[in-house]
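Residue numbering for the sequence shown follows UniProt numbering, starting at 1 and increasing by one per position. Every residue gets a Cβ at the ideal spot worked out from N, C-alpha and C, and that includes glycine.
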Amino acid sequence: MQRPELSIEIKIGGDARKIKWTYGLSQDIQRLVPDFSTAINDVVSDPSIRDYIVRRALTEKKGVVTSEEELISVEEIDEIDPSEVLRLLEWVMEHLLYFFGTSAGTTSRQAKEFGNALGLSNPSTAGSPASASTTRSAGPSD
1 MQRPELSIEI KIGGDARKIK WTYGLSQDIQ RLVPDFSTAI NDVVSDPSIR
51 DYIVRRALTE KKGVVTSEEE LISVEEIDEI DPSEVLRLLE WVMEHLLYFF
101 GTSAGTTSRQ AKEFGNALGL SNPSTAGSPA SASTTRSAGP SD
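Listed below in structure tokens is the structure:
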């Protein structure tokens, strides 16, 4: 998986604003969209999430945002073109998917290394072999 660009330039009215993917921005957005399985749907379908992401990304603040009052106001970005909003949201989603994808790979690799260090065997992906026994189970009888 290729890492997304660390910055993007978004035009608001006649001005261009450079946005950088930072730890604070990443943490603020991941608190809002913590689940890989619903991330894209959440961003695409929830106007409150979209609004927060756009306003948070355009807020020039180092670190994390602790209250909505710290976010840039809607009035300050009212002239943003909808196509720029879509570009910004796409850039954010690329970063979320990159984070979730690389985190999953790292976690899986670390679990395997930890298991090897403890002398555990790798889990079977094929399941248990079929039993040759003809003995019936202890379940209900006919």
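Quiz prompt | Separation of R31 from T66, as counted between CA atoms | solution = On the sequence shown, residue 66 is found 66 positions in, with the first residue counted as 1. On the sequence shown, residue 31 is found 31 positions in, with the first residue counted as 1. When rounded, the distance between both Cα atoms is 11 angstroms.
Practice problem: Report the rounded CA-to-CA distance for M39 versus V33, giving the unit in angstroms. | Solution: Taking the sequence shown and counting its residues from 1, one reaches residue 39 at position 39. Taking the sequence shown and counting its residues from 1, one reaches residue 33 at position 33. The sequence shown places Ala at residue 39, rather than the Met named in the question. So the two alpha carbons sit approximately 6 angstroms from each other.
Quiz item: Nearest-angstrom Cα distance between K18 and S48?
Solution: The count along the sequence shown starts at 1 and reaches residue 18 at position 18. The count along the sequence shown starts at 1 and reaches residue 48 at position 48. In a straight line, the C-alpha of K18 is about 23 angstroms away from that of S48.
Quiz item: Can you tell me the Cα-Cα spacing of Y23 and A16, whole angstroms?
Solution: Here residue 23 refers to the residue found at position 23 when the sequence shown is read from its first residue. Here residue 16 refers to the residue found at position 16 when the sequence shown is read from its first residue. Near 22 angstroms, if we compare the C-alpha coordinates of A16 and Y23.
Self-check item: Beta-carbon separation (whole angstroms), E70 vs K61, contact threshold 8 angstroms
Solution: Working through the sequence shown from its first residue, we reach residue 70 at position 70. Working through the sequence shown from its first residue, we reach residue 61 at position 61. With a Cβ gap of about 6 angstroms, E70 and K61 count as contacting.
Practice problem: Quick one: using the 10 Å Cβ neighbour count with 16 as the cut-off for buried, is V92 buried or exposed? | Solution: Here residue 92 refers to the residue found at position 92 of the sequence shown. So V92 ends up on the buried side.
Quiz item: Which residues does DSSP pair with I19 in a beta bridge?
Solution: Residue 19 sits at position 19 when you count from the first residue of the sequence shown. In the DSSP output, where bridge partners are listed per residue, I19 has I8.
Quiz item: To the nearest angstrom, how far is it from the Cα of H95 to the Cα of M1?
Solution: Translated into the one-based positions of the sequence shown, residue 95 becomes position 95. Translated into the one-based positions of the sequence shown, residue 1 becomes position 1. Each residue's alpha carbon lies about 11 angstroms from the other.
Quiz item: For I72, which of helix, strand or coil comes out of DSSP?
Solution: The residue given as residue 72 occupies position 72 in the sequence shown. DSSP places I72 in coil when its eight states are reduced to three.
Quiz item: Do V44 and L88 come within 8 angstroms of each other at the CB atom, strictly closer than that value?
Solution: Residue mapping note: residue 88 aligns to position 88 of the sequence shown, counting from 1. Residue mapping note: residue 44 aligns to position 44 of the sequence shown, counting from 1. Not in contact: L88 and V44 (Cβ atoms no closer than 8 angstroms).
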